[in-house]
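The number in the working numbering is simply the position in the sequence shown, starting from 1, with 19 added. Just so it is clear, CB atoms sit at the ideal spot from N, CA and C, and this is done for glycine as well. Quick caveat, the model's predicted, so the values are computed rather than measured. Take a look at the structure below.
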Amino acid sequence: MIRTLSLTLIFLCVTSVLFAQKHTIQGMQKAANEFAQANMQEDYETLIKYTYPLILEKSGGKEGFKKALADAYDLQKIRRMKIKRFEVGAPLKVAHTAGETHALVPVTSKIEVPKGEIISHITLIAVLDEASGNWYFIETSGLDPKNIHNYLPTWDYTLGLHFDSSKEFIATTSTE
Numbered sequence: 020m021i022r023t024l025s026l027t028l029i030f031l032c033v034t035s036v037l038f039a040q041k042h043t044i045q046g047m048q049k050a051a052n053e054f055a056q057a058n059m060q061e062d063y064e065t066l067i068k069y070t071y072p073l074i075l076e077k078s079g080g081k082e083g084f085k086k087a088l089a090d091a092y093d094l095q096k097i098r099r100m101k102i103k104r105f106e107v108g109a110p111l112k113v114a115h116t117a118g119e120t121h122a123l124v125p126v127t128s129k130i131e132v133p134k135g136e137i138i139s140h141i142t143l144i145a146v147l148d149e150a151s152g153n154w155y156f157i158e159t160s161g162l163d164p165k166n167i168h169n170y171l172p173t174w175d176y177t178l179g180l181h182f183d184s185s186k187e188f189i190a191t192t193s194t195e
């Protein structure tokens, strides 16, 4: 009887942990897809909503960040660049630290440029504020091991983030 009760309790504990992890990952995927759409549609408000608060602060607040986004999108237009695809993959690694959940999320983007396209592979750090339930994203290609704590003080190096990205230019074939 006691053994059966113990096994039942263990089963319930394991099941609830697995359910919580699945729920967390589903929430992250939903937020990441909204973040991806916002990147493609130049939706500043949604991008601000999903930007880690310390990064917003260091960017001059919401208005400063919005101006930086507008400048970046204007520069893309001047250079005749257009984001055609921004695909978010499943999280590679997940860790819990200091009231946050961190996940490494692969992203593949396709940017149309004159005479071709650029395919870029980057990693986002997805951050769940466990107290509020809000997800935030940090693009890592501008970070390195020496400065990541300036933007994400709770960063846990055991996630094994590679601080690089890869880009590939594919020329459009001409029929002339």
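Taking C-beta separations shorter than 6 Å and ignoring five residues to either side along the sequence, the partners of D175 in its chain run A114 and T116, following chain order.
For the 9 Å CB-CB criterion, V132 and L171 do not form a contact.
Straight-line spacing of the CA atoms in L123 and Q56 works out to 19 Å. Between K129 and E119 a beta carbon distance of about 31 Å is seen, past the 8 Å cut, so the two are scored as non-contacting.
With a threshold of 16 other beta carbon atoms within 10 Å, P72 falls short and is exposed. Taking V107 as reference, the option from N58, P164 and A190 with the minimal CA-CA separation is N58. Judged by their CB atoms, Y155 and D163 are not nearer to each other than the 9 Å cut-off.
Under the three-state reduction of DSSP, Y170 is assigned to helix. When rounded, the separation of the alpha-carbon atoms in K101 and G161 is 20 Å. Around the CB of I189, fewer than 16 other CB atoms lie within 10 Å, so the residue is classed as exposed. Looking at the DSSP output, G108 sits in no beta bridge, so it has no partner there.
Within the DSSP bridge table, the entry for F188 names I137 as partners. Counting only residues of its own chain and dropping the five nearest sequence neighbours on each side, S78 has a CB closer than 7 Å to the CB of F84 and A87. Excluding the 5 residues flanking it on each side, T65 has same chain C-beta neighbours closer than 8 Å at E53, F54, Q56 and A57, in chain order.
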